[in-house]
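Each remark here refers to the structure printed beneath this line.
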């Protein structure tokens, strides 16, 4: 593919991925689409169980849901050979460059969607354009479809130009939402001297690029299952142990926890359900929540306090309480010297009209949320390498994780040209071998 064909393909890839929105660990169609596109470019991606440690996956859906997602992918035309190679895992990885050369840079592109119904309002571009999610209750409301399209475009652009001196590794990661997926791909970045992740939007407008975000918050995602005893709500309520009341008390207790004064920290319960009938004492309730903080130490302490609240509420109502961590990521920050180098590259790029490719390039930004790219960043940094988290600005129709979220596709081509420049610079420079 030449540059113009790749530029034209970017929105097409993004819209096709948008229409096939799949939650974390169920991205079978998405993985097959990515792998098939890479194969058409002449590459040999590893997929599913070939690309990750299946035992390190966190927050897995039930086997029944995984099987149903595989059947749905097959019914929507996913390549049968690729599905067989995946097994019960999703995700893909591909290297570009000489096979005997070292990998000098890994880039992460997340693929999963959210468990959220998409807007079908006529002013919502995916609905108007016929590429809204075809999967009820799931949609790309964070931009991961565009991230994946950038990864495909980067592979195509690197292959269309001069051969690379050293290898570049592209990670197409499943299950970023709820920070569940990176741990399973961790071995793919160990010993690599440079790492880069890119997120679209996050409060920056189209034409802006931040090359070194910091403030990626440590986060723990947890499920708490309260078990009690059912009883007649009028005839014998004293015989019951009300799991729903215990879970409700826990919710209030969690949000009553004192916050720390020396850095951002948050606690949130996003789902609470239990019981089954209005006249039956509930014997089971499930609470799903998260903690976040700007340092790992603060995050660990906040989660320990949250655990005390959950267990205390259960004890108060005579309940059992099983707490399961279903996702976890550390705090992270970009390396300032790498961010500066990435910014210098961005400022050097020009449009065909000889104007700056980006209206504004900044070396810092505050993430203010969590992303399991932090798992990769910390691992590369612990090995002596450098890592950065970039934000590619885009005007948004609504905020991230909203049903009518949509992004400005015009940000994709400049972002892709910058990513290509980053890869070529890293593959050419001897100092990028240092870890």
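Residue numbers (our numbering): -8 to 426. The beta carbon of each residue, even a glycine, is placed where N, CA and C say it ideally should be.
Using a threshold of 9 Å, state whether the C-beta atoms of residue 13 and residue 59 are closer than that. no
Are there 16 or more other CB atoms within 10 angstroms of the CB of residue 381, so buried, or fewer, so exposed? buried
Using beta-carbon positions only, say whether residue 220 and residue 257 come within less than 9 Å of one another. Note that the C-beta distance between residue 220 and residue 257 is not below 9 Å.
May I ask you to report which of helix, strand or coil DSSP gives residue 151? helix
Straight-line Cα distance separating residue 293 from residue 280: 12 Å
Distance between beta carbons of residue 348 and residue 336, contact taken as under 8 Å: About 10 Å separates the two Cβ atoms, so there is no contact after all.
Taking just the CA atoms, how far does residue 202 sit from residue 412? 13 Å
Straight-line Cα distance separating residue 360 from residue 289: When rounded, the distance between both Cα atoms is 15 Å.
Could you pull the start and end residues of the beta strand (DSSP E) that residue 101 belongs to? 94 to 101
Candidates 301, 232, 0 and 73: which alpha carbon is nearest residue 141's? 0
Would residue 177 and residue 47 be called neighbours here (beta carbons separated by less than 9 Å)? yes
Residues in the same chain with beta-carbon distance under 7 Å from residue 228, minus the five sequence neighbours each way, listed in chain order, please. The residues are 222 and 272.
CB-CB under 7 Å to residue 305, same chain, minus the five flanking residues each way: which ones, in chain order? 217, 237, 311 and 312
Between residue 199 and residue 344, how many whole angstroms is the CB-CB distance? I'm expecting something under 8 Å. Rounded, the Cβ-Cβ distance is 19 Å, inconsistent with contact.
Are the Cβ atoms of residue 103 and residue 126 separated by less than 9 Å? no
Taking its Cβ as the centre, do 16 or more other Cβ atoms sit within 10 Å of residue 249, making it buried, or is it exposed? Exposed.
Span separating the alpha-carbon of residue 356 from that of residue 195: When the Cα atoms are used, residue 356 and residue 195 turn out to be separated by approximately 9 Å.
Just to confirm the assignment, what range does the beta strand (DSSP E) spanning residue 262 have? 256 to 265
Which residue's Cα is closest to the Cα of residue 81: 394, -4, 132 and 167? 167
So, at 6 Å on beta carbons, what are the nonlocal neighbours of residue 334 in its own chain, with the 5 sequence-adjacent residues on each side left out? Only residues of its own chain outside the window of five on either side were considered, and among them 202, 352 and 354 have a CB closer than 6 Å to the CB of residue 334, listed in chain order.
Is the beta carbon of residue 151 sitting closer than 9 Å to the one on residue -3? Their beta carbons are under 9 Å apart, which means residue 151 touches residue -3 by this criterion.
Straight-line gap, residue 395 to residue 39 (C-alpha atoms, nearest Å): In a straight line, the C-alpha of residue 395 is about 31 Å away from that of residue 39.
Note down, in chain order, each residue of its chain lying with its Cβ closer than 6 Å to the Cβ of residue 148, except the 5 sequence neighbours on either side. Cβ within range, chain order: -3 and 411.
Out of curiosity, what's the CA-to-CA distance linking residue 362 and residue 390? Approximately 17 Å, taken between the alpha carbons.
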